[in-house]
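Just add 765 to the spot in the sequence shown (first one is 1) and you have the numbering used here.
Where is the CB? At the ideal position from N, CA and C, for every residue including glycine.
Treat the numbers as computed from the prediction; the structure is a model and nothing was measured.
Heads up, the thing below is written out as structure tokens.
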Amino acid sequence: MRVRHAVRTMKQAWLPGRDKKAVRHPGEHGALRPSPDQPQRSTLVLGGGIAGIAAAVGLAERGVEVTLVEREAQLGGRVRSWPVEHDSAAGAPVTMSRGFHAFFRQYYNLRALLRRVDPALEGLTAVEDYPLVLAGGHRDSFAGVPRTPPLNMAAFVAQSPSFTAGDLKNIDEVAVWELLDVDFPATFSAHDGESAAAFLDRLGFPDAARHLALEVFARSFFAAPDEFSAGELVGMFHSYFLGSSEGLLFDVPVDDYDTIFWGPLRGYLERLGVEVRAGETVQDLDLGGDQVSVTTDRGTLTADTVVLATDLRTTRSLVETTRGSLDDPGWRSRIAETRDAPPFAVWRLWLDRKVAADRPAFLGTSGYGPMDNITVLERFEAGARRWSDAHDASVVEVHAYALQPEDGDEAQVRRTLRAELARVYPETADAEVVGEEWLLSDDCPLVGTTPWVLRPEVATPDLRLVLAGDGIRCDYPVALMERAATTGFLAANRLLAGWGLAGHDLWTVPMSTRQPGLLKARTLLDRVSA
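Printed below as a string of structure tokens:
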């Protein structure tokens, strides 16, 4: 994670997206493959989500012997999909997943991973808009907003009913620079101990626009606004709005995740020689011998090194009982103190009729009880569309992120979600549910307000063990799926460097404010204020 080596790409012939100011972070120099006289290196990758897949790809492409262990039958982790059966399928295969995921165009490293099996990213399709509707209020849209800052900010204020030009006079002139003048990773630490809600209060953010800043960003981390890190909120504003010209819109897969990406990536890994052990649960990690030893429900595996790319609950459990050289109590304490986000629910409904034709593929909601968004799957997913065409009906999904005790028990949450769906899409009120899949889980990391430097990073006290995942600290302004992919490659790069093998280049949006005049303008304003 040598941020000082980042290279601006103003004159590069190739860029990962449309932003000419994207930043390349070069991997360490070294051999692309080990020489014949070198010993065969080996790694166990624990966890087959995005982070684990990225780490396995990064290592196997350099000739490392990799074994990937994943407890579920499919790869993809929290972005996996799996087949389900119910009477409404009528012989047609249907699937379930853990909910809608947006593949933003700023996700350079995730997209690089996907390009291993889909060079032109034909498996992604653009979502033309994702409107946000506030209960009893207005509706916001991102369609037509220019991609490049500061034009995007000016255009959004000009057209948005949530944030108007008149609201600008109430913005705190000092706090606003914390959004405009950023420098990562220092900006993450600058907001230690502050929640996203507290930061927006201090900023003087208009009440009508808070659902944009909090419901979209904070709850996409499965966090309540008063628990979500202000530094991460600023990072999201920078990555998606103020610091990147990739735009605010995103892409989604044209079919279920396993069909489009994770199944093909499993095949790619196996062609590289990776042993993929799906449906196998890791029970114990031992660093006491010359080699790393991992016990699973099927036996014992050994290797030179290990990438721990599991969910944080599993990581905590394995670290707590790990034998060997992890005798740094401070580091162990940092792992033990990580927290999980509140529970979330995903409810996929196969209805007996179609929703209105003008419904968007994805609608963000605020103020409708615990319901955060509605997805109409046949708008983009081929399997859902086949079922929809065959039954002249819709496949609708509702999500509830960061469920709180006041939302009630599981039965109450289901009743509320059903009522709120009908409130937003009245044509579903009398629809019969001919099939359903319900998922309630609490295994997402909480990106909270604890000091940024105390979050666990890729490196550990034992050079043979590295961490990866969206709950792992990273110097770059990346988040969610992109942080998972990025830390996966960073974990691979760290191990590769120890063997003299070449690392993989990574890309990010600009690491600091992209407007050269901002610092000068701030200096002038400070002088005037003084």
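Nearest-angstrom Cβ-Cβ length linking residue i and residue j, presumed shorter than 8 Å
i                 : j               : result
threonine 952     : glycine 1008    : Not a contact, Cβ separation roughly 11 Å.
threonine 1061    : valine 1072     : Not really, about 15 Å apart at Cβ, beyond 8 Å.
arginine 1099     : leucine 1219    : 6 Å
glycine 817       : alanine 1043    : Going by Cβ atoms, the distance from glycine 817 to alanine 1043 rounds to 11 Å, so no, they are not a contact pair.
alanine 1250      : alanine 885     : Not really, about 19 Å apart at Cβ, beyond 8 Å.
phenylalanine 949 : methionine 1276 : 5 Å
leucine 1168      : proline 1108    : 5 Å
arginine 1248     : alanine 1224    : At roughly 16 Å, the Cβ-Cβ gap does not stay under 8 Å, so arginine 1248 and alanine 1224 are not in contact.
Start and end residues, beta strand (DSSP E) containing residue i
i                 : result
phenylalanine 921 : Counting along the chain, phenylalanine 921 falls outside any beta strand (DSSP E), though it belongs to the alpha helix (DSSP H) covering 916 to 924.
alanine 1133      : Note that residue 1133 is tyrosine in the sequence shown, not alanine. Where tyrosine 1133 is concerned, the enclosing beta strand (DSSP E) stretches over 1127 to 1133.
aspartate 1154    : Where aspartate 1154 is concerned, there is no enclosing beta strand (DSSP E), although the alpha helix (DSSP H) it sits in stretches over 1147 to 1156.
tryptophan 942    : That residue, tryptophan 942, is in no beta strand (DSSP E); its alpha helix (DSSP H) goes 942 to 945.
serine 1090       : Careful: serine 1090 lies outside any beta strand (DSSP E) and carries neither H nor E.
asparagine 1138   : 1136 to 1141
aspartate 1051    : 1047 to 1052
glutamate 1040    : 1040 to 1043
glycine 909       : First-last for glycine 909: undefined, no H or E at that position.
alanine 1110      : 1109 to 1116
arginine 806      : Premise fails: arginine 806 is in no beta strand (DSSP E) and is neither H nor E.
For residue i, the first and last residue of its enclosing alpha helix (DSSP H)
i                  : result
asparagine 1258    : 1245 to 1263
phenylalanine 1002 : 995 to 1002
glutamate 1085     : 1077 to 1086
phenylalanine 953  : 951 to 955
alanine 819        : 815 to 825
alanine 963        : 961 to 968
leucine 1034       : 1028 to 1036
Contacts around residue i, its chain only, beta-carbon distance under 7 Å, and the 5 residues preceding and following it disregarded
i              : result
alanine 908    : Glu893, Asp894
valine 831     : Thr808, Val810, Ala821, Leu824, Ala825, Val1039
aspartate 1208 : Asp1076, Arg1078, Asp1105
glutamate 1192 : Val1120, Ala1121
aspartate 1117 : Ala1158, Ala1196, Glu1197, Val1199
proline 1221   : Arg1099, Ile1100, Thr1103, Leu1232, Ile1237, Arg1238
Residue i to residue j span [Cα, whole Å]
i               : j               : result
leucine 780     : alanine 787     : 7 Å
tryptophan 1203 : glutamate 1175  : 10 Å
glutamate 1162  : isoleucine 1139 : 6 Å
tryptophan 1115 : leucine 1142    : 10 Å
glycine 1265    : histidine 794   : 8 Å
aspartate 829   : aspartate 1055  : Per the sequence shown, the amino acid found at residue 829 is valine instead of aspartate. So the alpha carbons of these two residues sit roughly 18 Å apart.
alanine 974     : serine 927      : 5 Å
glycine 813     : asparagine 935  : 47 Å
tyrosine 1089   : aspartate 1051  : Per the sequence shown, the amino acid found at residue 1089 is glycine instead of tyrosine. Going from the Cα of glycine 1089 to the Cα of aspartate 1051 covers about 6 Å.
alanine 1244    : valine 1274     : 12 Å
threonine 1252  : aspartate 1195  : 46 Å
arginine 1292   : alanine 1233    : For arginine 1292, the predicted model reports a pLDDT of 49, less than 50, meaning its position is unreliable; a value from the coordinates is still stated below. Their Cα atoms are separated by approximately 45 Å.
arginine 1124   : alanine 1184    : 18 Å
valine 844      : aspartate 1023  : 9 Å
valine 939      : glutamate 1201  : 50 Å
valine 1178     : proline 1226    : 43 Å
glutamate 1146  : arginine 876    : 19 Å
proline 848     : alanine 838     : 10 Å
glycine 1028    : cysteine 1239   : 27 Å
glycine 1236    : aspartate 972   : 30 Å
valine 898      : glycine 1132    : 9 Å
leucine 1013    : glutamine 924   : 15 Å
alanine 891     : alanine 920     : 21 Å
tyrosine 1005   : valine 882      : 26 Å
leucine 1034    : tryptophan 942  : 45 Å
glycine 1129    : aspartate 1137  : 6 Å
Same chain, Cβ closer than 6 Å to residue i, five either side skipped, listed in chain order
i              : result
glycine 1000   : Pro1242
aspartate 991  : Ser960, Ala962
aspartate 1154 : none
aspartate 784  : Ser1009, Ser1010, Glu1011
alanine 867    : Phe1015
tyrosine 1190  : Val1120
glycine 864    : Val1111, His1164
alanine 983    : Ala961, Pro990, Phe993
threonine 1103 : Leu1077
asparagine 917 : Val910, Pro911
arginine 806   : Val829, Asp1069, Trp1264
glycine 782    : Arg870, Glu1011
glycine 1134   : Thr1181, Glu1185
threonine 1278 : Asp946, Val947
Cut-off 8 Å between Cβ atoms - residues of its own chain near residue i, not counting five sequence neighbours on either side
i              : result
glycine 888    : Leu879, Pro1018, Val1019, Asp1020, Ile1025, Phe1026
arginine 1151  : Ala857
threonine 774  : With a pLDDT of 44 at threonine 774, under the threshold of 50, the modelled position of that residue is not reliable, and no figure is offered here.
proline 1216   : Ser954, Asp957, Gly958
glutamate 1045 : Val834, Glu835, Arg836, Thr1061, Asp1062, Arg1063
arginine 798   : Arg827, Gly828, Leu1266
valine 1262    : Residue 1262 is actually alanine in this sequence, not valine. Same-chain partners within the cutoff: Glu793, Gly795, Gly1268.
Go through the segment 1160 to 1222 residue by residue and report every complete run of the alpha helix (DSSP H) that reaches 4 residues or more, in order.
Counting only runs that start and end inside the segment 1160 to 1222, the alpha helix (DSSP H) elements of at least 4 residues fall at 1175 to 1189.
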